[in-house]
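Heads up, the sequence shown is in the numbering used here, so the first residue is 189 and it goes up one at a time.
Each residue gets a CB set at the ideal place from its N, CA and C atoms; glycine is no exception.
Notes follow once the structure below has been shown.
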Amino acid sequence: MDETDRAILAHLMQDGRLTNIELADRVRLSPSPCLRRVRQLEAAGIITGYHAAVDPAALGRGFQVLLHVEMAVQDRATIEAFEAEVQRIDEVRSCRRMFGHPDYVLWVAVADLEAYERLYAQRLTDLPGVARTNSQFTMKVVKEATVPSTMSL
189 MDETDRAILA HLMQDGRLTN IELADRVRLS PSPCLRRVRQ LEAAGIITGY
239 HAAVDPAALG RGFQVLLHVE MAVQDRATIE AFEAEVQRID EVRSCRRMFG
289 HPDYVLWVAV ADLEAYERLY AQRLTDLPGV ARTNSQFTMK VVKEATVPST
339 MSL
């Protein structure tokens, strides 16, 4: 990956809707070589997709919770069952298996506190292998990166 590829990535992270002609102009390439480079970055798995940033509240998911999960049992079958079940819960927007404590960190997005309480009582606490959970609610969003930092590009 050279400086031109890094420039392409930086511009696409800022605006994934750029046309190839606009992108080519910004990185000082003609359209054909620019498109070829973008396709190569996609094929190599460096560009993993294009997404729209959407206001969660507009989708009835404005109440977001960070949920720490500690597992009682960590055998392969339990971990696989837990992870498979988490995949089925649409309200779980992100799930990360961690080194150390907690074992998992989940971002959950629902309409309000009552919806979270229902989800928590009916599904989250019944996930396979769960020993303890800790829910944290956001008081205020001070900073949120909508685009990854380009400093390391």
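Quiz item: Thinking just about the alpha-carbon of each residue, which of V329, R281, L200 is nearest to the one in T236?
Solution: L200
Quiz item: Going by the beta-carbon positions, is the gap between V293 and Q252 smaller than 8 angstroms?
Solution: no
Exercise. Quick one: measure Cβ to Cβ for V298 and V257, integer angstroms, because I've assumed they're closer than 8 angstroms.
Key: Rounded, the Cβ-Cβ distance is 17 angstroms, inconsistent with contact.
Quiz item: What are the boundary residues of the beta strand (DSSP E) that includes Q343?
Solution: The requested residue 343 does not occur in the structure, where the chain is confined to residues 189 to 341.
Quiz item: Would a C-beta distance cut-off of 8 angstroms place L312 and L255 closer than the cut-off?
Solution: yes
Quiz prompt | 6 angstroms Cβ shell around D300 - same chain, five flanking residues per side excluded | solution = F251
Quiz item: Apart from the five residues just before and just after D193, which ones in its own chain have a Cβ nearer than 7 angstroms to its Cβ?
Solution: The residues are R225, L229.
Exercise. Report buried or exposed for A232, applying the criterion of at least 16 other Cβ atoms within 10 angstroms of its Cβ.
Key: exposed
Quiz item: If you check the beta carbons only, do I234 and V215 fall under 8 angstroms apart?
Solution: no
Exercise. Starting from R224, trace the beta strand (DSSP E) both ways and give me its first and last residue.
Key: No beta strand (DSSP E) holds R224; the alpha helix (DSSP H) holding it covers 219-231.
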